[in-house]
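Residue numbers (the working numbering): 6 to 353.
Beta carbons: idealized from backbone N, C-alpha and C, even for Gly.
Predicted model only: the values in this text are computed from it and were never measured.
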Amino acid sequence: VVEEYYSKVRDADGSVESCWLLADWCRTHNLGDERAEQLRQILALEPDHEEARRILGYRKYNGKWMTRDEFMASQGYVQHKGKWITPQERDLREKTEAQREAESVWYPKVRLWVGWLANVDVHKQQAALAEFQQLKDPTALAALRNSMENHRDARIRKLYVNVLANLPDDAGAFGLIERCLFDADTEIRYFARNALKPSHYEAGLPLLVKALRSDENVVVRRAAVLLGDANNKQAIPALIEALVTTHIVQTQVPVNNGVSFGQSGNGNVSVLGPGQGTLPPDVALAARTGNLPYGANVQRQGFQRYQAVNVRVDVTNIEVLDALEKLTGKNLGFRERDWQLWWALQSA
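Structure (C-alpha cells):
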C-alpha cells in the first residue's frame, strides 16, 4: 500500500485538490502519517484551509490558527506527565526527596521567628527581623508561605512580601503576584506590586492569565493592571477575552408581602395572599358592594423584608481595556470581535 501511495504522489500535480484527494485515499487505507503529510502540504498552499486545519488538530484562538499545545505554550503553561500546568506546579511535583528534606528544615525555624515577632521581648523581635532580612535560601519558600502568607497580622504579611522580593532566581515571583491579586490589604497589594521586577512578571505570566478567568471580578481587574505593567504581548489574547466577563453577584430584593383578595360565590370577601389580617373597612365595603369586581391587592404597611438572590451580570472591565491599550497602542473599546479581528491580522 505504501508503494502505491508514493506512486500516486509522483502522478499528482501538487495542487490543493490533488493533495486533498490523496489525503482522503490515505484515510481509507489507514495511512495516518502519509495523510498528515498531504494535509500539511495543503496548508503550505492554502494556510486557511479549514478542514485540513481541523483534521490536524488546529482551531482558531483569537483569530489565529494554533494547535491546543501551541496555544497552551503561548500562555506560559508547560506539559508534565500529559497535563498542562504552570511552571510552579511542575516544580512542586518534581521535587526530589532531598529537596523536600531541605524544605522541612525551615518549618520550625520560620514558625519560631514569626512567634518572636509577636513577643513582648524587643530583643527577640529584632532577632527575628534580622533572620528574615538575611534569608536568601529559596528552599525556605514553602515554610514562609505556610506561616506568613495568610497571617492575620498585616505587618507579618508585609514582611513576607519583603522576604519574597529578596529571594534569588525569581523564586518569590509566584508569592508576590498572589499578594498583588488576593491580599485584602490595599497597602500590602501596593507594596507587593512595587516589589515586582520584569523577570517576576515573566515567571508569573501563567498565574496572571489564569486570574483573568477568576469568578471574582476584583481579581480579574487586578490581574489586568499587572499585565499592563508586564508589557508582554503574549497576554493579549487572554485580555481580549476578559474585556467583558460574567460573574454571579448577590443582591437584596424585597419579599412580596402583599395580600390579595377577591369575592367568593357567597358574597364573602376572602384573603387569597400570604399572611393573616383583616381588610381595611373601606376596601371591604367596596368589595361587598361589587365595586371591586376583579379583586385587589393590599400592600401591608410596616417593616419590608428582603432576601438575597444570586444574579449573573456582565461586567465591562476598564482595567483590561487599559492594559490592551498599553500593549497595543490601540483602543477598540469593549468590542471583543473587533479586537479579535485586529489581533488576527497582526498575527498573520
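- Report yes or no: do the segment 310-327 and the segment 220-236 share at least 3 C-beta pairs separated by less than 8 Å? Flag = yes, the segment 310-327 and the segment 220-236 touch.
- Task: Return yes when the Cβ of PHE137 is within less than 7 Å of the Cβ of LEU164, no when it is not.
- Result: Cβ atoms of LEU164 and PHE137: closer than 7 Å.
- Less than 7 Å separating the beta-carbons of GLY337 and TRP344? It should be pointed out that residue 337 corresponds to Leu in this sequence rather than to Gly. Cβ atoms of LEU337 and TRP344: closer than 7 Å.
- Message: Mapping the DSSP letters down to three states, classify GLN239 as helix, strand or coil.
- Response: In the three-state scheme derived from DSSP, where H, G and I count as helix and E and B as strand, GLN239 is classed as helix.
- Compute the Euclidean distance between the alpha carbons of ASP126 and ASN155, then round it to the nearest angstrom. Spanning the two alpha carbons is a distance of roughly 24 Å.
- Task: Would you kindly report the start and end of the unbroken alpha helix (DSSP H) that includes PRO113?
- Result: Run containing PRO113: 111-122, per the alpha helix (DSSP H) assignment.
- Indicate the three-state DSSP secondary structure (helix, strand or coil) for VAL274 in the structure shown. With a pLDDT of 44 at VAL274, under the threshold of 50, the modelled position of that residue is not reliable, and the figure given next carries that caveat. Assignment of VAL274 by DSSP, reduced to helix, strand and coil, places it in the strand class.
- Message: Using 8 Å for Cβ pairs, my map puts PRO143 next to ASP174. What's the rounded Cβ distance?
- Response: Right, the Cβ-Cβ distance comes to about 6 Å (below 8 Å), so this counts as a contact.
- Task: To the nearest angstrom, report how far apart VAL223 and TYR195 are at their CA atoms.
- Result: Going by the C-alpha atoms only, they are around 15 Å apart.
- Task: Pick out the complete beta strand (DSSP E) segments inside the segment 63-114, 3 residues or longer, and give them in chain order.
- Result: Entirely contained in the segment 63-114, the beta strand (DSSP E) runs reaching 3 residues are, in chain order, 63-66, 69-72, 83-85 and 88-90.
- Item | C-alpha distance - VAL314 paired with GLU55, whole-angstrom precision | Looking at the two C-alpha atoms, the distance is approximately 45 Å.
- Item | From VAL6, VAL21 and GLY87, residue whose alpha carbon lies closest to that of LEU36 | Just measuring C-alpha positions, the residue of VAL6, VAL21 and GLY87 sitting nearest LEU36 is VAL6.
- Query: Would you report the Cα separation of GLY177 and ARG157, rounded to the nearest angstrom?
  - Reply: Approximately 21 Å between the Cα atoms of the pair.
- Item | For GLU39 and GLN46, the rounded distance between their alpha carbons | Roughly 11 Å between the two C-alpha positions.
- Task: Pick helix, strand or coil for ARG218, following the three-state DSSP scheme.
- Result: In the three-state scheme derived from DSSP, where H, G and I count as helix and E and B as strand, ARG218 is classed as coil.
- Do three or more CB pairs link the segment 74-85 to the segment 200-212 at distances below 8 Å? A contact exists between the segment 74-85 and the segment 200-212.
- Query: Bridge partners of ILE253, per DSSP?
  - Reply: Paired residues: ARG317.
- Message: What does the alpha-carbon distance come out to for the pair THR333 and ASP234?
- Response: Roughly 13 Å between the two C-alpha positions.
- Looking at the unbroken alpha helix (DSSP H) that takes in LYS331, where does it start and where does it end? According to the DSSP assignment, LYS331 belongs to the alpha helix (DSSP H) that extends over 323-333.
- So who's on the other strand from GLN312, going by DSSP bridges? For GLN312, which the question treats as bridged, DSSP gives the partners VAL258.
- Message: Give me the residue from ASN237, CYS31 and ARG116 with the minimum Cα distance to GLU42.
- Response: Among ASN237, CYS31 and ARG116, the Cα nearest to that of GLU42 belongs to CYS31.
- Taking GLU246 as the reference, which of ILE253, VAL254 and ALA216 has the closest Cα? In terms of CA proximity to GLU246, ALA216 leads the group ILE253, VAL254 and ALA216.
- Close-in-space but distant-in-sequence residues of the same chain around GLY62 (CB under 6 Å, 5 per side omitted): The answer, listed in chain order, is THR72.
- Item | CB contact flag (VAL320, THR250, <7 Å) | A contact, by the Cβ cut-off of 7 Å.
- If you run the structure through DSSP and keep just helix, strand and coil, what is HIS205? If DSSP states are grouped into helix, strand and coil, HIS205 belongs with the helices.
- Task: Evaluate VAL254 with the Cβ neighbour count: other Cβ atoms within 10 Å of its Cβ, from every protein chain shown; 16 or more gives buried, anything less gives exposed.
- Result: Exposed.
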